[in-house]
Structures are given as structure tokens and as C-alpha cells.
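Structure, as C-alpha cells:
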Amino acid sequence: MTATNAGEPVAARADEVWKVYGSGEARVVALRGVSAEFRRGRFTAIMGPSGSGKSTLMHCLAGLDTVDRGTVHVGDTELSKLGDKALTRLRRNRVGFIFQQFNLLPTLSAQENIRLPLDIAGRKPDPQWWDIVIDTVGLRDRLSHRPSQLSGGQQQRVACARALVGRPDVIFADEPTGNLDSRSGAEVLSFLRASVREHHQTIIMVTHDPVAASYADRVIFLADGQIVHELAAPTAETVLDTMKRLDTHAEPVML
Amino acid sequence: MLRATLKSLLARKLRLILSGLAVVLGVMFVAGAFVVTDTLSRSFDAVFASAYSTTDVSVQAQPKIAMSEMDGEQVDPPVPAGTVDTIKKVPGVRKAAGLVDADGARVIGSDGKVLTSMGPPRLGMSWTGEDELVRLREGRGPSAPDEIAVNAAVAKAGGLKVGDKVGVLTLQPKKQFTLVGVYGYSGDRDSLGGSQVVAFTEPVAQKLMLGKTGVYSSVRVRAAADVTPEVLRDRIAAALGSAYVVKTGDQLAQDTAADLQEGLSFFNRILLGFAGVALFVGIFLILNTFSIIVAQRTRELALLRAMGASRRQVITSVLVEAIAIGLVAAVLGLAAGVGVGAGLAYLFGSFAGGGMDLAPVGVPLTAVISSFVVGLLVTVVAAVLPALRAARIAPVAAMQEVATPDRPLTRISVAGGAVTAAGAAALGVGLFADAGDAVLWLILGGVLVSFIGVALLTPLISRPVVSLLGRLFSWSLPGRLGRLNSGRNPRRTAITAAALMVGIALVTGVTVVMDSAKSSLRAEATRVLKAQIMISGDQNGPRPPTYDPAVVGKAAAIPGVRAAAALWNDQVLIDGRRQWVNATDDLTELSQTYGGVADLPALRDDQMVVSAPEAAEQGWQVGTRVTVQPSRGEARDYTIVATYAEDSLPGSVLLPAAATKDFSVPQPMLGFVRLADGVPVSAVLPQVKALLADSPEVSATDAGAFVDQQAASLDTVITMIQILLALAILIAVLGVVNTLALSVLERTRELGLLRAVGLSRAQTMRMVTVEAVVISVFGALLGVTVGAGMGTAVTRALESDGITELVLPWSRMGTYLLLAALVGVIAAVLPAIRAARLNVLGAIAHD
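In the order they appear, the protein sequences are chains A and B.
Note that numbering that gives the first Met the number 0 gives residue 172 to position 173 of the first sequence, counting from 1, and the numbers run on in steps of one.
Note that numbering that gives the first Met the number 0 gives residue 94 to position 95 of the second sequence, counting from 1, and the numbers run on in steps of one.
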């Protein structure tokens, strides 16, 4: 099945994507012909049990991993045709990342960490957008601190600001709240939702937390490497319900 | 516990190989030194055993001046023919024959150049016919005064064949001979131990090699069948009295070989010195590696502690790891050392030994023992600190995400300051105080301890210096990241840089001293030398180049020459004390060509002059009579008739030319020619050169070129030291590679992130390279600074020995820094490639 959301132009798209790891006995099919479209200005959550292929899908969409069959587009760019250099440039200019482990450089201050992608690209931040980002994440008084002097929530907010500051076509967030307590998690999620609603950013987030997923505009459910369900305007309850339902069915539910 | 240790050892193969390599190289030099000395000394033993195989007892006269191989060449006074008759009458003597056999017969090859020797003697002998040892290969033995035979080594080196006219330099200037025979030795050998031998008829050999006819160098005795050599030796000794040295053939062989081995032990010590430097640097490397391993294994070690392992067990586990590395490194080093030793022995045999037959390469027990002792000791010593640190890991660390906190640097810096001060103090006492025999040890110890002290201080210095250095590279983001990374772990950066420091400091120190010496020499020469033309030659081998003294008289007669003087040089005993002296044919002429003294009397044959400082030191005054015993002949009394200022004449004691007939080399080595005012050098130089046509060992040069030549010989020393210490630097580079490889490994996730947010492969490589370059340049900077300091101290201490100028070789120091930067780039290649190739996804998920 194909997951879409109509209206806006497409920020990222997967077409019939297959991904296989290993060979012979150890062969694992992570993605079996997944097709999905992600429109600009939308916040999409990808959910599914462990091993469902949700992280693989995100890595393929972000150009971090290659696909075995099918195509992946970011905007109009087809990723499978790109070499390391072009992929690096794509990640640098058009994609943002937020990781579960924050992944900040300990040698750099918060401000330097936020500017890192721009510095790598040799770009100057847009001062207006910079102020908006800094104020939205609420880190103005922490900018000169090193990551080791920040709490986990603060570190993840730095990571979010880092992803946002270059105004990428799409931001990929891999379990961004996985390492946070619920309050810090909620802060980060509100902030992500705000950046989509108010500032027209595009976010694709992998999570297994129904509460986190409820911040999104749309949830895609994966199981065994296939998209099995999609939910628009989710709440924590509807997500949980869907998960329960998907769990009880041995076979993927076709809707 | 042991199994866990060994397992973890295997899991860290690459890193351990890198750090173990330093020990392998060090051990290699230790083992190599012993193997080469052992092989060569057995080869010498064999050579001399065979050379003296036809001698049961040998008789020589007691030397006038006893000298070891290191002091200079000992001249054995001649044995008169009458002594041979006395020996013949001793019961048990079957045969006694006088033999002429003395160093100093220099053959002029077919190219007009004197055959050189790197050590083995160039002997002039009396032809005694063929025997068990000597075999003619071509022609016959000499029978007329103008005939010679040479051994095959001479014939080959000089490109000579039977029938050639050959010039030979002996105690007398060049003489022409006809080559009538070429001979070899039993076993188809060209030479015995590389010696070049010319055989004359007996009277000619006596005249040219010993100075007069009717005397011999030694008497070779064969015993009758019923007497043992030992018994016969004692009988002959009793018959001759104490003026003679009587030895059995075996003794003679052993003593001769032992003499050469003394020279070898010098060689041995040089090799061991470099082994020492390599191992010292290696300690830094191993210490660093183990510290990192312990830091990385914190969780694992804490888990072991949590499961009940005692501190002692943790320490043991680290030490066992060290012992295992030490053992492996010792075995590899020993094997490599045998190879290196064999190679060096071969080189020595074919170059210095003139094609000497080598004994089979053996592995002496000393090599094995020292390899293992050194390998184990170095590794274990280096691992002790990390082991103790490992023992302090709390069991709870197993449960926590441990952030290794930056321990404060106060303690280590205070310790470093104290150690540096102690080292500097030892160095200072060694250099400036009168510490007698302990001087060398004080200096060596001072240098080593200072190195350790500076290494301890390095973490403290590293922060500001590295951040300053790094600014040079901060124009790009990768450069900035690299700089920040290099400042991240001051201890690790420091110890890596400190390892590099040692080699560079030593090279810089030596360069400072040598350049200062060179500059002092130059300044001194320009100040005191008034001659515009110098007669001199390059010395190779123990015997100095000499020329015909008649040349100087002829040179003085060339129009436009104001003065010309010859200078002889030798060791003599003055009132029983061995001392280098000069002699000259004309004091007045010499003083005009040298610094100059207004009114010195012409020396009569029993008069001498000394420098004022020498006179003061020895308590001599004008009018004092001293007894001078030269190498040959009888002692003579000389009266001191004048003293001169130190710089006005060469050397501190000057004898008249008459004394030189008893010198070990009775010909002058240097000649000074001063031109009249306004006469250009080019007008006279060709004529002086023409006069020297029959003295091919020397040449005439203008004084400027002579001074340059002298100074250039010091450059050779610098180059040698640079080459040898390049090894220490190489080892340090391994350390940089090691540290970088670990940095890349430790920061896998960071690298992944950087790549994910758009850092290109090229930028990643640049980042790692900058880190390497910063560390290397920091090390070089330390080295250059410490080396310049030490070199300055040594130079200052040598001020009274004539090194009056202090020269800091800025351009060389700059070159070392540039080289270090290059080294950093090279060291970064592999780690950088590894970093750039990291799989982005795998790296981000890495923990």
C-alpha cells in the first residue's frame, strides 16, 4: 500500500523500496516494497515493533543507507544515483538529523554545535531564523555551555536546533525522546510540533512511544517491512488502539 | 583471570603491535649489537689464530709508550739482530727468525691515489718466502732492493699487476718499486683480516719500515718437538730480560684480537646507545597505549572487580598483558637483531675489513638474555602506572555510564617541575662542576631525567601551546575540529608529543653543540691563521696523511712566498706523562704563518717551547729541563727556552724538527705557506701543488677552503646523528599513528554524526590530519626548545675547551619543525582514511 498525504509538494518519497540484509540463512528482509510520500510542512511519525523496518526506512529516506530495489527521493533528487560526495552534500544542505543519543560534539559549545552543519557547509545562519530557533528551543542563556554542562533535555533541544537551523527540506528524528524523561520529552516534542505548525518545517520521526507519535499529524505503522496502517490526526489513545489491534493480528492488516 | 587477560590481549592486536614495535626495534638494536660484536670478534680470533699458526713463541721489544687501540698507534721499538742470535742459543729453539712487520706502508694505486684503510693496518714486511700460510699466486718474491711483492688485497684494491712500477710511502717519502709477485694465504684468502701488505727484501724493509738496517719488528720462534711453547716462552724470557715481551703464538693471537675488539666495543656502545634511545621512547608509547587500554576497559575491569576480582588480580592482569607483549617483542626483536647483526658484520667485513672472512653468525647467550631482560623490563615498567590506575577503578563503574573526568594536572605538573629541576641540576653539576669520572653519567642521567620531567610537565604546557598552534589551522572548520580534538586529552597528546620530543631534542642538542663548535673553529682559524695556503690531507684509518718535508723548503723558495713551515704531530711521554706534541722545522717561519710571536729564538735540537697556559699547568718555566720519550729511540732532555701565548702557535708543546725522526710517523702532516703582501693565492698555489706530486696523501688548498674542510667534518657528525636518531623519531611517529587510530576509534559516533550532518570524506581526513600535525609540531617544538636548552648548556660548559661561540641553528630547527608537520601528515594517513571510510549508520549506532 502507499501512504500519502495530499496537498503540499513532496519532501521525501519512497517507491517500492526493498532492503535485504545478509544472505543465505542469515538473510533478513527489512523492507518489502515500501512506498510512502511525505509532504512539506507535515510532521509524520513512523511506528512499528522492533524489527519492523521503521529505522531502516528512515535511514534509506535520509540517504544514510542504500536501497536494494525501488527508489528514494528527497524533493526531486533521486538518492540511489548519488555517490558519497553528492549524498554528503545532500545531508549537509537539505536534510537534518536528530538522534536518540543527542550526538553532540563534546568539544564544541551549544552554539557551535547548533551552527555545525552551517559551518561545515560554509554558510552563514539567517539571523532572523537563528533567533526564532534559539528562542523556540529556549536555549539563549545556555549557548556558551558545553554539552557536558547541559541536562539531557537541553542537549536534545540543542540537537533539534542544530537540525532546524539550516532550514532543511526534511528533518529525520530517530527516537528523539528515547533517552529523555517524560517532561523533557514533552518539551522536545512540542517544540518539534511547533516548528512544523508555525515555521512550516517537515519532520519524519521514528518512535515506538504512542505519546510521542500523538504529536505528529500522521502516523505510519510498519510491520515485517511493510506499511500496514496509517492514521491521520492521531491521539495517544488511537495510536495505542491501533498498535494493540496490529499486535493481535498475526497477519498484516490490509486497509 | 589469565584467560580473560589473554583474550582481551588478542582482541587488541593492532594497537599492541604498534606499541610493541617500539620494543621490537629497541631489542633489535641490543641483540644486533651483541651479535655483530660476537661475530666480528670470533672472525678476528680466527684470522689471528691462523696468522700466528706458524709461530710458537714471539719476541718483541717493550714499547716505549704503551698505548691501547683507543689511545693511538703503539710503535714497537726494533729488535736488534743480535737478539735473534741470543734466542737461537736458548735450548729448545728449533728455528728463530727476525721479521719486519710494521704499519705504515702505503701503496699508491694505479689511479695515483694512496690505498686507504678503514682500520686494518697497511703493513710493510720483509719477504720470508712461502710457507704453510703464505702462497704466491703470481710471479716471485722480491730479491732486489727495488722489488716488492704485495698480497692479493693490495693488488685488487690498487688495480696492480706483476711488472707494474709501484710507488710506496713508508717512513720515507715516496719510492718507486717494481711489483714482482702477488701472494695470498692458505684457504685462498686475499688478506688476513683485511690488512694490506707490501713485502720488501729484508734490508729494504728494515730501512723503510724501522728506520735502520739490522733490526727487526719481532722474532718468530719455532719450538723443538720436545718443548711446549709455554716452556720455551719462559726460557726465552729468562734469557732476554725485561726489555722484551715474550708471548706464545696463541697469546699473541689473542692479544692482537683483543686489541681490535677494544675498537669493536666502541661500535657496540654506539649501537647500545641507540637501543637505549629507542627503548626510552618506546616506554612512552607503551605507557600511553596501556593507559588508553585501561581507560577503554574501565567497564570491563569494573565488572571483574564487581564479580570479586581483587585489586591485585586487576594489576596482575594488566601486567600479564605487558609481559606477554614484552615476550613477543623480545622474540621478534632478537630475531631481527640477529639479522641486523649479521648484516652489519657483513658490511664491516666487506668495507672496513677489506673482504675479511666472517665467522658464521652466532647468537651469543648475552644477546638472548639481554633481549629478554630489556624487552620485559621496558614493557613492564611502562605498564606499572596504568596497572595501578586500573586497580583504582571502583566496581560501581561497571553499572554507570562513566564519563572519565578530567583529573586535575596539579600533581603531575608539580612532580614534573621537581623532576625537571633534578635533571637540570644533575646536568648542571655534570657540565660545570668538577665531578671527575662521574661526569658522563651525570650528564646522561641529567638528560634522561630532564626528559622525563619535561614529559610530566607536557600536559600542562599542552593546553596553551596546542591551542596556540592549532590557531594556525583554524581557518577551516575541519581544522578547528582537529585542533579541538588534539587539545581534548592533554595527557595523551602530551605523552605522544613527548615521545617525539626525545629524538628531536637530542638531534637539536647535538646540532647546537656542533654548529657552535664549527663556528668557533672557523672564528679561531680566521683569527690565528696567517697562512694563505695549507698543505693537508683527509685522514682515514688510524694513520694520518703525511708528506715529504722537503716540499716546505722548496715552497719557501717560490717567488712571492713570505714564509713556509711544516708541522709534525705525535704522542710522546714528557716526564712520564703521555701528551700530544707538535714539532716544526722552523719556529720563526711557523710563527709568521700562524698567529705569530715577535721574537722567538730558533730552536736548537735540545730546545723546545711551550704555551704559557701549559707551562702554568705543568709548573714549567723558561729554563726547565724535561725528559721527552718519543715512540722510537731513546729519551732526550729538552730545555724550555720560551713560552708563547696560546693562540700564537699551534698546540701547546713544540719540539724541534730533529725530534721527529723518532716520531711514530716521522713526516709532517700539515704545512703552512704565507704569501708576501699583494701576491694572489692563484699565483703560488699551482706551484705548491706541483711540489706535492710525490706526496699523494695530501694536497694544497687555500686557507679558506682548508677551514671549510675542517668545519665540514663536523657536518658529517651531525648527519650521522640525524640518521641514527631518525629511528627514535620513527618510533615516535608510530606513537602518533597509535594515538590517532585510537582517537578515531573512540570518536566513532562523533565521526558518524559529523558525516551525517554533511562533513565530507575529504573534510574528515583533513580534521584527523590537523590533529596529527598539531600533536607532531607540538612534540617537535618541545624537542627543539629542550634540545636548544641542553645544547646551550653543553656549549657553555665547553667554553674553556675552545667552543667560544654559541650558534643556534635556526634554519635546522625550522627544518625539524617542518619535518614534524610532514611526519604528522604521514602519520595521519591511515587513521584518516579509516575515519573517512566509516559507515555513517554504523558509526552513529556505535557505543
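Glycine included, every Cβ here is placed at the ideal spot set by N, Cα and C.
- request: Find the residues of chain A that neighbour Leu840/B, judging by a C-beta separation of less than 8 Å, and give them in chain order.
  value: For Leu840/B, the chain A residues whose Cβ falls inside 8 Å of its Cβ are His58, Leu63, Asp64, in order along the chain.
- request: Taking Val652/B as the reference, give the member of Pro600/B, Pro685/B, Asp569/B with the closest Cα.
  value: Ranking Pro600/B, Pro685/B, Asp569/B by Cα distance to Val652/B puts Asp569/B first.
query: Beta-carbon separation of Leu98/B and Arg219/B under 9 Å?
result: Yes, they are a contact pair.
task: Say whether chain A places a C-beta atom closer than 9 Å to the C-beta of Val401/B.
output: The predicted position of Val401/B is uncertain, since its pLDDT is 48 and thus under 50; a value taken from the coordinates is nonetheless stated next. With 9 Å as the cut-off, Val401/B does not count as an interface residue toward chain A.
field: Secondary structure, alpha helix (DSSP H): runs of 4+ residues fully inside the segment 581-616 of chain B
entry: Considered as a whole, the segment 581-616 of chain B harbours 586-592 as its complete alpha helix (DSSP H) runs of no fewer than 4 residues, in chain order.
task: Please state if the CB of Pro808/B and the CB of Val571/B are separated by a distance shorter than 9 Å.
output: No. Outside cutoff.
query: What number of angstroms, rounded off, separates the C-alpha of Gln606/B from the C-alpha of Pro544/B?
result: Cα to Cα, the separation comes out at about 27 Å.
query: Can you name the residues of chain A whose CB is closer than 8 Å to the CB of Gln762/B?
result: Taking a Cβ-Cβ cut-off of 8 Å, the neighbours of Gln762/B in chain A comprise Ile119, given in sequence order.
Sequence-distant residues of its chain with Cβ nearer than 7 Å to Tyr345/B (five each side left out): Hits under 7 Å: Leu357.
- prompt: Cα-Cα, which of Leu408/B, Ala831/B, Phe431/B, Phe450/B is closest to Ala421/B?
  reply: With distances taken between Cα atoms, Ala421/B lies closest to Phe450/B.
field: Where Gln538/B falls, given that 16 or more other Cβ within 10 Å makes a residue buried
entry: That one is exposed.
field: Outcome for Thr638/B when other beta-carbon atoms lying within 10 angstroms are tallied against a minimum of 16
entry: Burial call: exposed.
Near-chain B residues of the segment 128-149 of chain A - C-beta to any C-beta below 9 Å: Against chain B - using a Cβ distance shorter than 9 Å - the residues of the segment 128-149 of chain A are Ser147.
- prompt: If we count the other Cβ atoms within 10 Å of its Cβ and call it buried at 16 or more, is Trp579/B buried or exposed?
  reply: Residue burial is scored here from C-beta neighbours: Trp579/B has fewer than 16 other C-beta atoms within 10 angstroms and is therefore classed as exposed.
message: Applying the 10 Å Cβ sphere with the 16-neighbour rule, what's the burial state of Asp83/A?
response: Per the 10 Å Cβ criterion, exposed.
- prompt: With 16 as the cutoff for other CB atoms within 10 Å, does Leu364/B come out buried or exposed?
  reply: Its Cβ having fewer than 16 others within 10 Å, Leu364/B is exposed.
- prompt: What residues match up with Ser698/B in a beta bridge as DSSP calls it?
  reply: In the DSSP assignment, Ser698/B is bridged to Ser535/B.
query: What's the call for Ala689/B, buried or exposed, on a 16-neighbour Cβ count within 10 Å?
result: Answer is exposed; the Cβ neighbour count stays below 16.
message: Using only the alpha-carbon positions, how far apart do Gln686/B and Leu271/B sit?
response: Linking Gln686/B to Leu271/B through their CA atoms gives a straight-line distance of about 50 Å.
message: For a cutoff of 9 Å on Cβ pairs, would you count Arg166/A as touching chain B?
response: So, not an interface residue.
- prompt: Between which two residues does the alpha helix (DSSP H) carrying Lys174/B extend?
  reply: Per DSSP, Lys174/B belongs to no alpha helix (DSSP H); it is in the beta strand (DSSP E), 174-184.
message: For Asp255/A and Ser759/B, I'd like the C-alpha separation in whole angstroms.
response: Limits of chain A in this structure are 0 at one end and 254 at the other, which puts residue 255/A out of reach.
- prompt: For Ala402/B, which residues of its own chain have a beta-carbon under 6 Å away from its beta-carbon, when the five flanking residues on both sides are left out?
  reply: Confidence in Ala402/B is poor, its pLDDT being 48 and thus under 50, which makes the residue's placement unreliable; the coordinate value appears in the next sentence. Setting aside the 5 residues that flank it on each side, Ala402/B has no residue in the same chain whose C-beta is closer than 6 Å to its C-beta.
message: Output needed in chain order: residues of the segment 155-183 of chain A with a Cβ under 8 Å from some Cβ in chain B.
response: Those would be Arg161, in chain order.
message: In the DSSP assignment, the beta strand (DSSP E) including Gly46/A goes from what residue to what residue?
response: Note that residue 46/A is Met in the sequence shown, not Gly. Segment 42-46, the beta strand (DSSP E) holding Met46/A.
- prompt: From Val133/B to Thr200/B, what distance separates their C-alpha atoms?
  reply: Within the model, the alpha-carbon separation for Val133/B versus Thr200/B is close to 16 Å.
- prompt: Which word fits Trp440/B, buried or exposed, when buried means at least 16 other C-beta atoms lie within 10 angstroms of its C-beta?
  reply: Trp440/B comes out exposed.
- request: Could you tell me whether the segment 468-485 of chain B touches the segment 667-681 of chain B, where touching means 3 or more Cβ pairs closer than 8 Å?
  value: Verdict: no, contact absent.
field: Closer than 8 Å at the beta carbon, the chain B residues around Thr201/A
entry: Residues of chain B passing the Cβ test: none, with the nearest at roughly 17 Å.
query: Using a beta-carbon distance below 9 Å, is Arg748/B in contact with chain A?
result: Answer yes: the Cβ-Cβ gap between Arg748/B and chain A drops below 9 Å somewhere.
query: Hey, Ala104/B and Leu207/B: beta-carbon distance below 9 Å or not?
result: Leu207/B sits close to Ala104/B, with the two beta carbons spaced by under 9 Å.
- prompt: DSSP on Pro655/B, reduced to helix/strand/coil?
  reply: DSSP, reduced to helix, strand and coil, places Pro655/B within a strand of the structure shown.
- request: Taking only beta-carbon positions, decide if Lys243/A is within less than 9 Å of chain B.
  value: Lys243/A does not count as touching chain B.
field: Entirely enclosed beta strand (DSSP E) segments - the segment 51-133 of chain A, minimum 3 residues
entry: As far as the segment 51-133 of chain A is concerned, its whole beta strand (DSSP E) runs of at least 3 residues are 68-73, 94-97.
query: What are the partner residues of Gly166/B, as DSSP defines its beta bridges?
result: Note: Gly166/B sits in a beta bridge opposite Gln175/B.
field: Start and end residues, alpha helix (DSSP H) containing Gln686/B
entry: For Gln686/B, the enclosing alpha helix (DSSP H) has its first and last residue at 680-690.
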